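Student: Chains as they are written, first to last, in my numbering: chain A, 137 to 489; chain B, 137 to 489. From the three backbone atoms N, C-alpha and C, an ideal C-beta is built for every residue, glycine too. Since the structure is predicted, the reported quantities are computational estimates derived from the model, not experimental observations. Below you will find the structure I want to go over with you.
2 protein chains.
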Amino acid sequence: MDWRQNIREVEPYVPGEQPNQSDMVKLNTNENPYPPSPKVAEALAGLDPDTLRLYPDPLVTDLIDALADFYHVKPSQVFAGVGSDDVLAMSFLTFFNNPDKKPVLFPEISYSFYDVWADCFHIPYQRVKLKDDFSIDPDSFLQPNGGIIFPNPNAPTGLALPVDTIEGIVKANPDSVVIVDEAYVDFGTESALRLLPKYENLLIVQTFSKSRSLAGMRLGYAIGNEALIQCLKNVRNSFNSYTMNRPAILAGTAAVKDRAYFDRTRNMIMETREQAKEELTKLGFTFPDSKTNFIFASHRSVPAKKIFNELRERHIYVRYFDKSGIDNYLRITIGTPVQMEKLYRALREILAE
Amino acid sequence: MDWRQNIREVEPYVPGEQPNQSDMVKLNTNENPYPPSPKVAEALAGLDPDTLRLYPDPLVTDLIDALADFYHVKPSQVFAGVGSDDVLAMSFLTFFNNPDKKPVLFPEISYSFYDVWADCFHIPYQRVKLKDDFSIDPDSFLQPNGGIIFPNPNAPTGLALPVDTIEGIVKANPDSVVIVDEAYVDFGTESALRLLPKYENLLIVQTFSKSRSLAGMRLGYAIGNEALIQCLKNVRNSFNSYTMNRPAILAGTAAVKDRAYFDRTRNMIMETREQAKEELTKLGFTFPDSKTNFIFASHRSVPAKKIFNELRERHIYVRYFDKSGIDNYLRITIGTPVQMEKLYRALREILAE
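Written out as structure tokens, the structure reads:
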């Protein structure tokens, strides 16, 4: 017997590697290839370092107000956290606490953090099957559960569900909180936001890491009805009452307010993605029809792992999941047109070998 | 039955108010009255906003290395988080997970977040009595437990235990992790760091919010043996693998490296504190002998709450806890000499009424 008896045993999530080479093409962690809005740089330049001696605003008022304004909801409907991972971790802790230990449901192929959070907080869960085309089967959520979570679009498949289908899931589960993880929603999918006035058991989670180019600032948020958001705030305030530091609040607020830049850069990424679909098809890849800033592609003859390794040797990084069911796929983040040209050139070389 | 059945019920921690008036004297949340090191401003000026599109270093290497260097420990012995609250929350989750549900022990008068974390994570706990002079009774920790935590110096009393006494507690409890919360240790108390080579069940937690003037940046850390730190990292990586944003890593690293500034400012605060003890005694206050950046003071004739309210009317903010046993005390943060003069003047007026 020693102190080890008291330790919480976990299998931690393994994030994508973060290589740091000057000549690399980094298409492995779904970062935005464009810098954040110039308004972010301006806001940070205006930060008086002397103010850092003081705690930040625990209510994160400026950022919450900017988000409420952007999404036409009340500030009391918005929650901010240290990236959407923090928001989701707090949400698992808050909403998936059912006394009967009914399982939380999520798709079998999905964001690989869901089972990690469930294990960490000792929440029972069940992975539900996808359809053969990798799409989420809404009927799989019609069974007793202690909560539901899925990304829309789903990751790493890139496939989106229409909001009407999501409405069916939310409506059929009034006794559960249904979390729609919209990390990639800004790249061409309709958000479930319009369902909020009708369903108080719906929570929508988004991030600044993808469409707002602020992965390095750690910013995410949830939008839901006031009661749901208050529960989340209570648990956050029982964990850490000051999660958002001063630069994050400033940068996030500035980014949200620059709608024109947001629209311009996400449109550029969607255009590049559509071109990428053509190029990858020509190269012999198949993939679900992505609505995200990545493409989940499999080559008709060359194993994904071989392509992954050969790209890596050329300092082109994509994501490979050594996981049954998806181990012949590469998740390729959409970069700039110049980065994508480098990728196509490398793929042509590798596939011609 | 509805979704509310699944909610985690909590009584959240209520942080000290954060008033924001230009003429105020803010002595209520133990912030440092001096700005962070000029090296912090330099480091932040060097942040290229374009890099914010990329995730930060998940290993927080620069900051961890700087702390390891400062404290003469291995980098694998250091864990960083979003303020010491985040580090402590993760530590409760990681180390106080005992299967027999034995209570975690902490002092009855102490940091008021301990019971909040325990409640939030459904950890049983027991508050142990202080001695009559408000000092921690080391014998109170000689009973079956699932973990031990106490601040040294204790808050809000300001009283410190000698390291030899702490050694007795750690040695007597090999089956528990003992967390020493050293948020205020840099203001004149010896750290328990020198015990680390002898005891693998000891975790030391510190913060950048007090002695390093970075409350607004949310930075804290833990130091312990490698096995303990690895457990903490595993749980953190099961919660949020990127908690530290780019500006926080830069600012924290620069602050740790500027030892001269750190020593100069903490010495100024300790000098002002010793003067404050004289002034407050002259004004009729009594207080435990603080080794922190605050004084926990009670007036021999005027109720604390009355003084608190009258100071507040003059825009001088101190902390008052409306809590049995300490409801006739004010916790007064040590400010600059100029701020303290304003406080003494106001107190003279209030007490002369």
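Does Leu199/B come within less than 8 Å of chain A when only Cβ atoms are used?
Tutor: Output row for Leu199/B: interface = no.
Student: Give a yes or no on whether the minimum CB-CB distance between Val209/A and chain B is below 8 Å.
Tutor: Taking Cβ atoms only, chain B never reaches closer than 8 Å to Val209/A, which makes this a no.
Student: For Arg354/A, does the count of other Cβ atoms within 10 angstroms reach 16, so buried, or fall short, so exposed?
Tutor: The residue is buried, with at least 16 neighbouring Cβ atoms inside 10 Å.
Student: How is the beta strand (DSSP E) around Gly356/B delimited, first residue to last?
Tutor: Looking at the DSSP string, the run of the beta strand (DSSP E) that includes Gly356/B is Gly356 to Ile359.
Student: Measuring only the C-alpha atoms, how far is Met226/B from Val371/B?
Tutor: Distance between the alpha carbons of Met226/B and Val371/B is about 7 Å.
Student: Looking at Thr472/B: is its Cβ nearer than 8 Å to the Cβ of Phe430/B?
Tutor: For Thr472/B and Phe430/B, no; Cβs fall outside 8 Å.
Student: Given a threshold of 16 other Cβ atoms within 10 Å of its Cβ, counted over all protein chains shown, does Thr325/B qualify as buried or as exposed?
Tutor: With 16 or more Cβ atoms within 10 Å of its Cβ, Thr325/B is classed as buried.
Student: Roughly how many angstroms lie between the CA atoms of Val454/B and Thr165/B, to the nearest whole one?
Tutor: Answer to the nearest angstrom: the Cα atoms are 8 Å apart.
Student: Using 8 Å as the threshold, is the stretch 192 to 201 of chain B in touch with the stretch 400 to 413 of chain B, meaning 3 or more CB pairs across them?
Tutor: Contact fails: fewer than three Cβ-Cβ distances are below 8 Å.
Student: So Ser434/A is in the beta strand (DSSP E); what residue range does that whole segment cover?
Tutor: Phe430 to His435 is the span of the beta strand (DSSP E), which, as asked, contains Ser434/A.
Student: Taking C-beta pairs closer than 8 Å, name the residues in chain A that Val341/B reaches, listed in chain order.
Tutor: What Val341/B touches in chain A: nothing, since even the nearest Cβ is about 13 Å away.
Student: Who are the Cβ neighbours of Asn381/A in its own chain at under 8 Å, not counting the five residues just before and after it?
Tutor: Pro192, listed in sequence order.
Student: For Pro287/B, which residues does DSSP report across the bridge?
Tutor: For Pro287/B, which the question treats as bridged, DSSP gives the partners Asp317/B.
Student: Give a yes or no on whether the minimum CB-CB distance between Phe457/A and chain B is below 8 Å.
Tutor: No, its Cβ sits nowhere closer than 8 Å to a Cβ of chain B.
Student: Which of helix, strand or coil does DSSP assign to Phe231/A?
Tutor: Phe231/A falls in the helix class under three-state DSSP.
Student: Report yes or no: is there a C-beta of chain B within less than 8 Å of the C-beta of Ala358/A?
Tutor: No, its Cβ sits nowhere closer than 8 Å to a Cβ of chain B.
Student: Between the stretch 341 to 350 of chain B and the stretch 311 to 323 of chain B, do at least 3 Cβ pairs fall closer than 8 Å?
Tutor: Contact between the stretch 341 to 350 of chain B and the stretch 311 to 323 of chain B is present, because at least three Cβ pairs lie under 8 Å.
Student: Restricting to runs no shorter than 4 residues, where is the alpha helix (DSSP H) found entirely within the stretch 340 to 420 of chain B?
Tutor: Complete alpha helix (DSSP H) runs here, min 4: 362 to 373, 382 to 393 and 395 to 418.
Student: Using only CA atoms, which one of Asp300/B, Pro280/B, Lys427/B and Val150/B lies nearest to Val252/B?
Tutor: The candidate whose alpha carbon is nearest that of Val252/B is Val150/B.
Student: From which residue to which residue does the beta strand (DSSP E) around Leu479/A run?
Tutor: Unbroken run through Leu479/A is the alpha helix (DSSP H), Pro473 to Ala488; no beta strand (DSSP E).
Student: Return the chain-ordered ranges of every beta strand (DSSP E) run that is complete within the stretch 177 to 223 of chain A and spans a minimum of 3 residues.
Tutor: With a minimum length of 3 residues, the continuous beta strand (DSSP E) runs that stay inside the stretch 177 to 223 of chain A are 214 to 217.
Student: Does the beta-carbon distance from Val176/A to Leu188/B come in below 8 Å?
Tutor: Cβ atoms of Val176/A and Leu188/B: closer than 8 Å.
Student: Just mark Asp394/A as buried or exposed, buried being the case when its beta carbon has 16 or more other beta carbons within 10 Å.
Tutor: Per the 10 Å Cβ criterion, buried.
Student: When you compare only the Cα positions, how much space is there between Asn233/B and Asn142/A?
Tutor: Approximately 5 Å, taken between the alpha carbons.
Student: Just how far apart, CA to CA, sit Asp186/B and Ala291/A?
Tutor: If you take the alpha carbons of Asp186/B and Ala291/A, they lie about 26 Å apart.
Student: Which first and last residues belong to the alpha helix (DSSP H) in which Ile468/B is found?
Tutor: Careful: Ile468/B lies outside any alpha helix (DSSP H), inside the beta strand (DSSP E) at Leu466 to Thr469.
Student: Report the option in Ser173/B, Gly152/B and Arg140/B whose CA atom is closest to the CA atom of Phe398/B.
Tutor: Here the closest residue by C-alpha is Ser173/B.
Student: What residues from chain B crowd round Ile259/A, counting only those whose CB sits closer than 8 Å?
Tutor: The contacting residues do not exist; Ile259/A stays about 10 Å from chain B at best.
Student: Does the Cβ-Cβ distance between Leu266/A and Pro287/A come in under 8 Å?
Tutor: Going by C-beta atoms, Leu266/A is not nearer than 8 Å to Pro287/A.
Student: Only counting the same chain, and skipping five residues up and downstream in sequence, which positions put a Cβ closer than 7 Å to that of Leu203/A?
Tutor: Taken in chain order, the residues that qualify are Val214, Tyr357 and Val392.
Student: Using the DSSP secondary-structure output, state which residues sit across from Leu241/B in a beta bridge.
Tutor: In the DSSP output, where bridge partners are listed per residue, Leu241/B has Gln262/B and Ile284/B.
Student: At 8 Å on the CB atoms, spell out the chain A contacts of Ala390/B, in chain order.
Tutor: Those within 8 Å of Ala390/B in chain A number zero; the least Cβ separation is about 10 Å.
Student: For the stretch 214 to 236 of chain B, which residues have a CB atom closer than 8 Å to at least one CB atom of chain A, in sequence order?
Tutor: Those would be Val218, Gly219, Asp221, Asp222, Ala225, Leu229, Thr230, Phe231, Phe232, Asn233, Asn234 and Pro235, in chain order.
Student: Is DSSP giving Leu332/A helix, strand or coil here?
Tutor: If DSSP states are grouped into helix, strand and coil, Leu332/A belongs with coil.
Student: Taking 8 Å as the CB-CB limit, is Thr408/A close to chain B?
Tutor: It does not; no Cβ of chain B falls within 8 Å.
Student: List the residues that DSSP assigns as beta-bridge partners of Ile452/B.
Tutor: According to DSSP, Ile452/B bridges with Val161/B.
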